[in-house]
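**Q** Here the protein sequences line up with chains A and B, keeping their order.
Letter 16 of the first sequence, counting from 1, is numbered 16 in full-length UniProt numbering, and no numbers are missing.
Letter 66 of the second sequence, counting from 1, is numbered 66 in full-length UniProt numbering, and no numbers are missing.
Glycine is no exception: its CB is placed at the ideal position from the N, C-alpha and C atoms.
The structure presented is a predicted model; accordingly, all values stated were derived computationally and were not measured.
2 protein chains.
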Amino acid sequence: MTHRNPAPTVDIIIELSDRLERPIILIERKNTPFGWAIPGGFIDYGESAETAAIREAKEEVSLDVELVEQFQVYSEPNRDPRQHTLAIVFIAKATGQPQAADDAKNIGIFHSGEIPTSLCFDHDRIMKDYWRYRHYGIRPHY
Amino acid sequence: MTHRNPAPTVDIIIELSDRLERPIILIERKNTPFGWAIPGGFIDYGESAETAAIREAKEEVSLDVELVEQFQVYSEPNRDPRQHTLAIVFIAKATGQPQAADDAKNIGIFHSGEIPTSLCFDHDRIMKDYWRYRHYGIRPHY
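1) Using a C-beta to C-beta distance shorter than 7 Å, which residues of chain B count as neighbours of His84(A)?
2) Measure the C-alpha to C-alpha separation of Glu15(B) and Phe71(B) and round it to an integer number of angstroms.
3) Tell me, which residues are paired with Val10(B) by DSSP?
4) How many Å lie between Ile91(A) and Ile38(B) at the Cα?
5) Taking three-plus beta-carbon pairs below 8 Å as touching, is the stretch 97-107 of chain A in contact with the stretch 65-85 of chain A?
6) Under a three-way DSSP split, which group does Glu60(B) fall into?
7) Quick check on Ala49(B) - is its C-beta less than 7 Å from some C-beta in chain A?
8) Is Phe121(B) buried or exposed, if buried means 16 or more other CB atoms sit within 10 Å of its CB?
9) Any beta carbon from chain A within less than 7 Å of Glu114(B)'s own beta carbon?
10) Let's test the definition: count the other Cβ atoms within 10 Å of the Cβ of Tyr142(B) and tell me whether it reaches 16, buried, or not, exposed.
11) Determine the direct distance from the alpha carbon of Ile126(B) to that of Gly35(B), and round the result to whole angstroms.
12) In chain A, what lies closer than 7 Å to Val65(B) by C-beta?
13) Is Glu50(A) helix, strand or coil when you go by DSSP?
14) Who are the neighbours of Phe42(A) on chain B, taking C-beta pairs under 8 Å?
15) Which word fits Ile27(B), buried or exposed, when buried means at least 16 other C-beta atoms lie within 10 angstroms of its C-beta?
16) Taking only beta-carbon atoms, is Pro33(B) less than 7 Å away from chain A?
17) Exposed or buried, what is Arg139(A) when buried is set at 16 or more other beta-carbons lying within 10 Å of its beta-carbon?
18) Among Glu21(A), Ser48(A), Gly113(A) and His111(A), which residue has its Cα nearest to the Cα of Pro8(A)?
19) Which two residues bound the contiguous alpha helix (DSSP H) that contains Arg132(A)?
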């Protein structure tokens, strides 16, 4: 089939459930675009989004995550400067000490209000949506 | 980029909001696999999932829909017998008289409890998840 589509990816917002106030993990990217971002990557052919999310979390931050829920899909054509990708964003939880690997040069653990600004891609928007959902229970809506 | 990914699609559960008890629309497919299904189709490169959902609804059932929310993503590798696709399922509303067009040979308007069984793809599961959400407010979860 020659139909050209956006490339589907997953991003995983990982809450560290064994720490006070469940901080989340961001990665500092090893490759362009450089900067801080939510961990994630491409879904492989033959792999569900859920399997991809668990695999990517393990590859980038070295943790076995438990998926909590699908949060939201972000698919605006200009969200990634390299090509059109769509991101299925999951909320997950994990315990223990994350370690940067694969595409991640460094990892950071952040509480609400401490998140760096100017994240890569549309991750500022995703973070804003996530904290609103976590604090007030309000999902992104139209 | 030569990375091979599942092909992203949208499905749109359209509630007819000007009718008693908001029945939904299914289509009878013109192409294989034959049978009843939720309207939907492939997301084009350069198009958001939301734009694709509004376009596909217009093409298949001839209605201008208003998106209500993203419902859930279904991405099991075996959900479509032809190739690995993932479906971003939307809930939308519309008014007026739907008419079959494009990939739809026929349309049907169904209330809860009247939905045909043995829908194409994994649409039986999606319908089950949808009615549980609509009746009880419970989203699919892990």
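**A** Looking at the atomic coordinates:
1) Tyr45 and Gly46
2) 13 Å
3) Under DSSP, Val10(B) shares a beta bridge with Gly41(B) and Ile88(B).
4) 27 Å
5) no
6) In the structure shown, Glu60(B) sits in a helix (DSSP, three-state: H, G or I).
7) yes
8) buried
9) no
10) Around the CB of Tyr142(B), fewer than 16 other CB atoms lie within 10 Å, so the residue is classed as exposed.
11) 15 Å
12) None at all; the shortest Cβ gap to chain A is about 11 Å.
13) helix
14) His3 and Asn5
15) buried
16) no
17) exposed
18) The residue with the shortest Cα to Cα distance from Pro8(A) is Ser48(A).
19) His123 to Tyr136
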